[in-house]
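Just so you know, we're using the numbering used here here: the sequence shown kicks off at 81 and counts up by one.
For each residue, glycine too, the CB sits at the ideal point set by N, CA and C.
Quick caveat: nothing in here was measured; it's all calculated off a predicted structure.
What follows is one structure encoded as structure tokens, with my remarks underneath.
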Amino acid sequence: MYSWGGSSGNSGLLGHGSETSQRIPNNLNGSLEGIHASSVSCGPWHTDVVTSTGQLFTFGDGTFGVLGHADRKSVSVPRKAEFLQGPTHCPSSLWCLAHCCCC
Numbered sequence: 081m082y083s084w085g086g087s088s089g090n091s092g093l094l095g096h097g098s099e100t101s102q103r104i105p106n107n108l109n110g111s112l113e114g115i116h117a118s119s120v121s122c123g124p125w126h127t128d129v130v131t132s133t134g135q136l137f138t139f140g141d142g143t144f145g146v147l148g149h150a151d152r153k154s155v156s157v158p159r160k161a162e163f164l165q166g167p168t169h170c171p172s173s174l175w176c177l178a179h180c181c182c183c
């Protein structure tokens, strides 16, 4: 998976571990490496990725708990939302603007 664009001051919403803007597509390494993404939602403050196995990864501005990690911390690299482990998992589609919805 690749991301690029403006990220200055946006809590790492591109997922590269920094707030640096990327002018060309840059590969996301780490927790998403080798994982098939079935759905991606890019909002102005954070990004969400649903994998083909129903796992949810989020990164960016965590204000108001929008990343789904049971805290309000920002994350600059993809992090798995652990609350969706077990028999409940994220469906194949989601939308993110100022908040996120899975359905």
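Put simply, the region 97-106 does not touch the region 114-131. Fewer than three CB pairs are less than 8 Å apart.
A Cβ-Cβ contact shorter than 8 Å links D151 with G142.
Collapsing the DSSP output to three states places G114 in coil.
Secondary structure note for R152: it is in no beta strand (DSSP E), with a DSSP letter that is neither H nor E. The three-state secondary structure of G86, taken from DSSP, is coil.
For H126, the enclosing beta strand (DSSP E) begins and ends at H126 to T131.
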